[in-house]
Ligand code: GLU
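Residue numbers (my numbering): 2 to 469.
In structure tokens:
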């Protein structure tokens, strides 16, 4: 890596035209991890020059998404709309340096040029009518028209770079026609703004989606004309859906904040996203610190990554399991309340401790917690008839009677159940299931002794009294 000599500076440069989706989040993550790994600076630059499509809501959505994921920029957010004077200044410099020129061809004329090129079997392009050359006589300047400014792109040779992800890439300069860098009203165009900002922000490494590969030779040629340093570029392949197609709404083409709503932990999301297009040996689970310590562009994948919701759930389950119970309870509480559950009635910390091993998302955990926090729905007649048999009722009544005398904790409850199995000649399910039906209204719960402990003696005895 060439990171040693100059301090690394990366940027995430989203266009605020929608939410922060998975592809964007992953680009942000890679740029962040790269900067962190090399002790560099991570910059957030909002590319908001497309006034029709950019919205303040989208800016907020991007900021929210990054905050949720814990991808804090060291500099920024900067907004391109606030750099307009600077872009104009650079356009003027290029005009006076002769690296850009005024072009008075009308859009219709340019379209006709393109058409002629197509007809001649060539790539559609601007034909250079207004491009100044030594000894060339330019057409008379029309008085009824404002010019665009075009970059005087090199016409021979090639523009090449060694892509951090894809390896050597080269474009013949004949393929690049003279790009419009400012419109007739003086507003700068997309690639030009990117170039000026990457230069001004002293960006050393650009990691972005490979839909930008075709922009790169244009950006490099303009940077060269400006005498600016050329960053290193790494173009990351896109994320495909589980079906190998483009990400769909059902899978991934949604805001990262939907994953927050659905109960994914940012740590799980970061871990999972990092593995989409990057690897560290066979490691699937790693902390944010490990990611930073390990992140290197050599292990960015050349092939498209595939979104795998099952694996995301598996990763998320790992993080849920390893989240401190207190913290987990705090995360689950609002989700329980949203379901109409009462988080005060039971010890939510004990509840999540019991349930967290089986939950893939916070939503699943909250749903499971309703066993303790929700209103009790007694078992159906069918269930009662099937499980609360004469023998079972006797054992339940006995349980209730003896329960009065024990200390209400899991160990003593288990011991009581065991002794009742012996006295009543029952097997574990013959008592455990009737107990579940009586106190939970269902045949399936986590370990019955733990469930009874959390529900509390009073509740348990009241429910047994009603059921048996
Ligand atoms: N604004 C561009 C986008 O959202 C990214 C530009 C870049 O990274 O150079 O796709």
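Glycine included, each C-beta is placed from N, C-alpha and C at the ideal position.
- Cβ neighbours of residue 143 within its own chain (closer than 8 angstroms, five residues either side excluded): 105.
- Counting along the chain, residue 302 sits inside no beta strand (DSSP E), nor does DSSP assign it H or E at all.
- Non-local C-beta neighbours of residue 461 in its own chain, meaning closer than 6 angstroms and more than five positions away in sequence, comprise 440 and 453, ordered along the chain.
- C-alpha of residue 318 to C-alpha of residue 327: approximately 17 angstroms in a straight line.
- Given a length threshold of 4 residues, each whole run of the alpha helix (DSSP H) inside the region 411-437 is given here in chain order: 411-425.
- As DSSP reads the structure, residue 93 sits in no beta bridge.
- Residue 134 sits exposed, since fewer than 16 C-beta atoms from the chains shown fall within 10 Å of its C-beta.
- Rounded to the nearest whole angstrom, the C-alpha separation of residue 220 and residue 80 is 19 angstroms.
- By the criterion of at least three beta-carbon pairs nearer than 8 angstroms, the region 208-215 is not in contact with the region 106-114.
- Between ligand 1 and the CB of residue 22, the shortest heavy atom gap is not smaller than 7 angstroms.
- Under DSSP, residue 377 takes part in no beta bridge, so it has no partner.
- A buried status is given to residue 55, since no fewer than 16 other beta-carbon atoms sit within 10 Å of its beta-carbon.
- In this structure, residue 236 keeps its C-beta atom at 8 angstroms or more from the C-beta atom of residue 311.
- Listed as beta-bridge partners of residue 35 by DSSP are no residues whatsoever.
- Partner residues in the beta bridge of residue 172, as assigned by DSSP, are 160.
- In the pairwise beta carbon analysis, the region 190-207 is classified as touching the region 6-24: at least three pairs are separated by under 8 angstroms.
- Minimum Cα-Cα distance from residue 127 among the listed residues 140, 138, 113 and 136 corresponds to 113.
- When DSSP states are grouped into helix, strand and coil, residue 267 belongs to the helix group.
- Pairwise C-beta distances place the region 148-155 out of contact with the region 50-70, as fewer than three of them are shorter than 8 angstroms.
- Restricting attention to 397, 232, 378 and 464, the CA atom closest to the CA of residue 201 is found in 232.
- Residue 423 and residue 413 have their C-alpha atoms roughly 16 angstroms apart.
- For residue 78, the enclosing beta strand (DSSP E) starts and ends at 76-80.
- Sequence-distant partners of residue 348 (beyond 5 residues in either direction) whose C-beta falls short of 8 angstroms from its own C-beta, in its chain, are 455.
- With respect to the 8 angstroms criterion, residue 45 and residue 77 are classified as neighbours on the basis of their beta carbons.
- Look at residue 136 here: in three-state DSSP terms it is coil, with no helix or strand label.
- For residue 185 and residue 121, the gap between their C-alpha atoms comes out near 29 angstroms.
- Cα atoms of residue 188 and residue 85: separation of roughly 8 angstroms, rounded to the nearest angstrom.
- Counting along the chain, no alpha helix (DSSP H) covers residue 233; the unbroken beta strand (DSSP E) around it starts and ends at 233-237.
- For residue 84, there is no enclosing alpha helix (DSSP H), as DSSP marks it with neither H nor E.
- Per the DSSP secondary-structure output, residue 102 pairs in a beta bridge with 151.
- In the pairwise beta carbon analysis, the region 192-199 is classified as touching the region 82-102: at least three pairs are separated by under 8 angstroms.
- Judged by DSSP in its simplified three-state form, residue 69 adopts helix.
- Counting only the Cα atoms, residue 115 lies some 9 angstroms from residue 123.
- Residue 455: member of the alpha helix (DSSP H) spanning 449-456, first to last residue.
- Residue burial annotation: residue 459 is exposed, with fewer than 16 other C-beta atoms found within 10 angstroms of its C-beta.
- DSSP, reduced to helix, strand and coil, places residue 208 within a strand of the structure shown.
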